[in-house]
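Residue 60 is where the sequence shown starts when you use our numbering, and the numbers rise one by one after that. Using N, Cα and C, we set each Cβ at its ideal position, and we do this for glycine too. Here's the structure, in structure tokens; my notes come after.
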Amino acid sequence: MHAVRAPRRFPTAGPQRLSKVHAKEKLMKKSVGVFVSVLAAGSLALGGCGGGSSSADESGESETITVPTGQGEVEVPKDVKRIVAINGAAADTAAALGRKPVAVAGMVATGSDGLYPWEQDLLGDVADDSLVDGQSFEVNVENVAELEPDVILAAPWNVTDESVYKQLSAVAPVVTPDSDAANPDWDDTAKAVGTALGKDKEVDELIEKTKRDLESTGDELGVTGKTYQLISPQKGEIFFGNAKPLELYGLKPGKHQTADEVNNVALSTEKMNELDADYLFIWPLDDDGKKLIEDNPAYKDLPAVQNDSAMFIDENFAAAINAASPASLEWLNTQSGIEDILKK
């Protein structure tokens, strides 16, 4: 077995779930962390890939749940016990639905245990930096298999190589969002998890509550119809990142924030005047990135800067909107400081 590299440009927080720590739980038998392609599933226990016939008990009732994914229908056993998540947003949602994973790929963040702030209470001590390589973002199939999962929750970027998909789906059914997008909408990710866990009603309620909460905040602040841009300066250029959840507030995407342009358009610093949105969110990876923006003569004349509605963000903020889940969006709405910017 081998791993797969996830291509990336904009340093989105989703694939960057690099962790500093190992999960305390490994195997039950042994005593037991930019944007980017599509994953599918199957299971040795089910005798084949997803989309095959499901097994049934003597009463004729199916023992599996059919889950639509990015690569077709996958059969997931009912009442799975061991959930392994290599996608943090899916892990958040599973835990919020009362089904905490036994392990989740960790990340580099401000917390000491490889979890984002909104995951601290939800996921506890299950961050495992051995599931995804911290430098290459490659999935370690062997380490995933060691955990003996009943189901694997993943993002499209986790598998860009069909051979790795086949290896993972030989371990357990692999569930990804039912979407062709490299970076699917947050609610598509949540719905896939809810269906796989037999909690469609509960996940729909969670999604609707999240939408209502952010819409209510947007209405109170009067931001409907205003524009946003999310950028990351790197190597002398400016990349645009996915921030579609901001539209729940009633905001509209500014220039270069379309699905086709996000992560594909690199803006030269000479064209900084194209950063003309009402709200500008900037994720510099280091001091050089921040300096690249602030030292540009055009920066001080940008509408958002003039209006004091430009915000330098950290990885937590970027992950909350770029690799979003209901839990991350609740944190964004109540604890990230975004309300102070949207008031401007």
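Rounded separation between residue i and residue j - CA only
i: N392; j: A154; result: 20 Å
i: V80; j: L326; result: Residue confidence for V80 is low, a pLDDT of 31 falling below 50, so the modelled location carries little weight; the figure read from the coordinates is stated next. In a straight line, the C-alpha of V80 is about 36 Å away from that of L326.
i: G263; j: Y224; result: For clarity, residue 263 is Asp in the given sequence; the question names Gly instead. Rounded to the nearest angstrom, the two C-alpha atoms are 28 Å apart.
i: D192; j: A164; result: 9 Å
i: D259; j: E134; result: 15 Å
i: L339; j: L181; result: 30 Å
i: V328; j: D346; result: It should be noted that the sequence gives Thr, not Val, for residue 328. Roughly 16 Å between the two C-alpha positions.
i: G157; j: G253; result: 11 Å
i: Q468; j: S395; result: No answer is possible for residue 468: it lies beyond the span of the chain, which begins at 60 and ends at 403.
i: S228; j: V143; result: 13 Å
As assigned by DSSP and simplified to three states, the class of residue i
i: A99; result: Confidence is the limiting factor: at A99 the pLDDT is only 25, short of 50, which leaves the residue's position unreliable, though a coordinate-based value still follows. In the structure shown, A99 sits in coil (DSSP, three-state: anything other than H, G, I, E or B).
i: T269; result: helix
i: S327; result: strand
i: F196; result: coil
i: D399; result: helix
i: M87; result: Only weak support is given to the placement of M87: the predicted model assigns it a pLDDT of 30, under 50, and the value that follows is read from those uncertain coordinates. Three-state DSSP puts M87 in coil, outside helix and strand.
i: V139; result: coil
i: A186; result: strand
i: I372; result: coil
i: A162; result: strand
i: P208; result: coil
i: A115; result: Confidence is the limiting factor: at A115 the pLDDT is only 48, short of 50, which leaves the residue's position unreliable, though a coordinate-based value still follows. Of the three classes helix, strand and coil, the one that applies to A115 here is strand, per DSSP.
i: H81; result: Confidence is the limiting factor: at H81 the pLDDT is only 35, short of 50, which leaves the residue's position unreliable, though a coordinate-based value still follows. Coil at H81, not helix or strand.
Short Cβ contact (9 Å threshold) for residue i with residue j
i: D247; j: D237; result: yes
i: I372; j: I352; result: no
i: N242; j: N323; result: no
Continuous alpha helix (DSSP H) stretch holding residue i: start and end
i: A149; result: 147-155
i: T317; result: T317 -> no alpha helix (DSSP H), and no H or E assigned at all.
i: T235; result: First-last for T235: undefined, no H or E at that position.
i: S387; result: 385-394
i: L174; result: L174 -> no alpha helix (DSSP H), and no H or E assigned at all.
i: P362; result: 362-365
Opening and closing residue of the beta strand (DSSP E) in which residue i lies
i: V292; result: Residue identity differs from the one stated: residue 292 is Pro in this sequence, not Val. 286-293 is the span of the beta strand (DSSP E), which, as asked, contains P292.
i: L339; result: 338-341
> Looking at C-beta atoms only, is the number of pairs between the region 122-133 and the region 225-234 that lie closer than 8 Å three or more?
Replying inline: Yes, the region 122-133 touches the region 225-234.
> Is the region 302-310 touching the region 261-279 in the sense that three or more CB pairs, one from each, lie closer than 8 Å?
Replying inline: Yes, they touch.
>> Taking 8 Å as the cut-off, does the region 375-384 touch the region 140-153 (at least 3 CB pairs, one atom from each stretch)?
In response: Under the 8 Å Cβ criterion, the region 140-153 counts as touching the region 375-384, having at least three qualifying pairs.
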